[in-house]
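J.:
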Amino acid sequence: MSFLDTLKIWNAKRDLIVRRADFYYDLASSLEDKVPLFTSLRKYEARARRRAPATALLYQRMLSAAMGGSLSHALRDVMPASELVMIDAIQGSGDGALARGLYFVSETVEKTDRMLATMRKAVAYPVLLLIVFAGLLTGFSFFAVPILEELLPPEKWPLMGQVLYHIAFAVRHYGFYIVAAVLAVLGLFFYSLPNWNGPLRRKFDRWMPYSLYRDFSGAMLMVSLSSMMRTGVSLRSSLDRAIRFSTPWMRWHLRQIQRGLASEHAAHFGRAFCTGVLSTVMEDRVQDAAERRDPVVAFVKIGVGSIDRIERDIAQSASRLNAIMMALAGVVLGIMMLGFFATAFEMQAGIQVPTGGMP
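In the working numbering, the protein residues as written are 59 to 417.
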């Protein structure tokens, strides 16, 4: 396959992910009307062949993977792992159960997309503001500060002017390395979210921005486990299924949970979930559910109702992150303006002194 075809398929995957809630809903409607899964996918492929050939290639891959009747295999490497876990759990109970499960997944996707939109909206404005301030700082460093240097030697600048001078010096002489370092740190951070695991990562998950990822992933885990347990799958079997589609970070936590279930405290499964994969509030709810008369029913209720609660929690956390970034942007702007005006006033005072001494 050529590079161009690979790029087209990647773009088709992105389009399908964006509208996956409708995709799940349409599949559920077809299954509910006794239309076989393979027939629906073949119809989508024929329709895409007329409208978008790249999407048709994607459906052809899905058709090949769905030969055995497994929707989760057909959607592997296309849909998020958390959704594949839910689909894999419900597809073995017949088309009727799969249809009901896909309706549930469609509703869940709409809620999680709203959750992600809330996070993006809260972070986008301060990030844009920081970029604008970085541009202003670059302009100060390359244009305004050199002019001030010509009019007044830097060693005579006031304290805030000295701060601005050293920042401008670093930007002019090491700006490329600073930008490269920032991009490298950002790349390492995003790579670490699904991959870094272990006791040290568990400590970082208590603080933003790692806590946002933990809260979201923990909520999706609860939804996945509860959706499987609703169909009669045991907790241990649900964990085994979840591991198959999990990221390294989630896989580490799931194995810790499995070890906890195998310990002497296995009768109270709530303790096994105290691995750091859930927020403190969610851990308390799971432990309370483990002590109920019907722990499985209580656990399922937590999973089904967790998305709306987590959406509110994430909105609050994102607002705090928003405030922190706004404060940082204000500090950057304050340093720039104070340094510039303090130096300008110092220059004005230096000019007025000899002028005032003239006869």
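Positions of the beta carbon are idealized from the N, C-alpha and C atoms, including for glycine. Just so it is clear, the structure is predicted and the values come from calculations on it, not from any experiment.
(1) Determine the direct distance from the alpha carbon of S269 to that of L424, and round the result to whole angstroms.
(2) Measuring straight from C-alpha to C-alpha, what distance separates R329 and L129?
(3) Whose C-beta lies closer than 7 Å to the C-beta of E90 among residues of the same chain, with five residues either side of it excluded?
(4) On the premise that A123 lies in contact with A132, defined as a C-beta separation below 8 Å, what is that separation, rounded to the nearest angstrom?
(5) I'd like to check one pair, L121 with R134: are the Cβ atoms closer than 8 Å?
(6) What's the C-alpha gap between V243 and R107?
(7) Helix, strand or coil: how does DSSP classify S375 here?
(8) Quick test of the definition: if touching needs 3 or more C-beta pairs under 8 Å, does the stretch 183–199 touch the stretch 345–365?
(9) So N253 is in the alpha helix (DSSP H); what residue range does that whole segment cover?
(10) Please state if the CB of S282 and the CB of S140 are separated by a distance shorter than 8 Å.
(11) How long is the line joining the alpha carbons of E165 and P138, rounded to whole angstroms?
(12) So D342 is in the alpha helix (DSSP H); what residue range does that whole segment cover?
(13) Going by DSSP in three states, R178 sits in which element: helix, strand or coil?
(14) Which whole runs of the alpha helix (DSSP H) in the stretch 110–167 are 4 residues long or more, in chain order?
(15) Around the C-beta of D149, are 16 or more other C-beta atoms found within 10 angstroms, so that it is buried, or is it exposed?
(16) Determine the DSSP secondary structure at M266, reduced to helix, strand or coil.
(17) Buried or exposed for A147, going by 16 or more other Cβ atoms inside 10 Å?
(18) Is it buried or exposed, E369, if we count other Cβ atoms within 10 angstroms and call 16 or more buried?
(19) Specify the secondary structure class of G392 as computed by DSSP and reduced to three states.
(20) Are the stretch 257–267 and the stretch 373–382 in contact at 8 Å, needing three or more beta carbon pairs?
(21) Please go through the same chain and pick out, in chain order, the residues whose beta-carbon is closer than 6 Å to the beta-carbon of F61, but skip the five residues on each side of it.
(22) Please confirm if the stretch 330–343 is in contact with the stretch 298–318, defined as three or more CB-CB distances below 8 Å between the two stretches.
(23) Using three-state DSSP, classify L283 as helix, strand or coil.
T.: So, from the listed chains and residues:
(1) This structure does not reach residue 424, given that the chain is present from 59 up to 417, and the question cannot be answered.
(2) As a working mapping, residue 329 is identified with position 271 in the sequence shown. As a working mapping, residue 129 is identified with position 71 in the sequence shown. Distance between the alpha carbons of R329 and L129: 34 Å.
(3) Here residue 90 is taken as the residue at index 32 of the sequence shown, counted from 1. Within the same chain, E90 has close Cβ partners A157.
(4) As a first step, residue 132 is located in the sequence shown; it is residue number 74 there, counting from the start. As a first step, residue 123 is located in the sequence shown; it is residue number 65 there, counting from the start. Right, their Cβ atoms sit about 4 Å apart.
(5) Working through the sequence shown from its first residue, we reach residue 134 at position 76. Working through the sequence shown from its first residue, we reach residue 121 at position 63. Going by C-beta atoms, R134 is not nearer than 8 Å to L121.
(6) Numbered from 1 along the sequence shown, position 185 holds the residue referred to as residue 243. Numbered from 1 along the sequence shown, position 49 holds the residue referred to as residue 107. V243 and R107: Cα-Cα distance of roughly 42 Å.
(7) In the sequence shown, counting from the first residue as 1, residue 375 sits at position 317. Three-state result, S375: helix.
(8) no
(9) The residue you call residue 253 lines up with position 195 of the sequence shown. N253 -> alpha helix (DSSP H) spans 217–253.
(10) As a working note, residue 140 is residue 82 in the sequence shown. As a working note, residue 282 is residue 224 in the sequence shown. Yes, these two residues count as a Cβ contact at 8 Å.
(11) Taking the sequence shown and counting its residues from 1, the one referred to as residue 165 is at position 107. Taking the sequence shown and counting its residues from 1, the one referred to as residue 138 is at position 80. Each residue's Cα considered, the two are about 15 Å apart.
(12) If you number the sequence shown from 1, residue 342 lands on position 284. Here the alpha helix (DSSP H) through D342 covers 338–348.
(13) Start at 1 with the first residue of the sequence shown, and residue 178 comes out as number 120. R178: helix per DSSP, three-state reduction.
(14) 111–123, 129–132, 139–148
(15) Position 91 of the sequence shown holds residue 149. Sequence check: residue 149 is Gln here, not Asp. Under this definition Q149 is a buried residue.
(16) For the purposes of this step, residue 266 is taken as the residue at position 208 of the sequence shown. Coil at M266, not helix or strand.
(17) Here residue 147 refers to the residue found at position 89 when the sequence shown is read from its first residue. Burial call: buried.
(18) In the sequence shown, counting from the first residue as 1, residue 369 sits at position 311. Result: buried.
(19) Within the sequence shown, numbered from 1, the residue matching residue 392 stands at position 334. G392 falls in the helix class under three-state DSSP.
(20) yes
(21) Along the sequence shown, read from residue 1 onward, the residue named residue 61 stands at position 3. The answer is none, since no qualifying residue turns up.
(22) yes
(23) Your numbering for residue 283 matches position 225 in the sequence shown. In this structure, L283 counts as helix in the three-state DSSP scheme.
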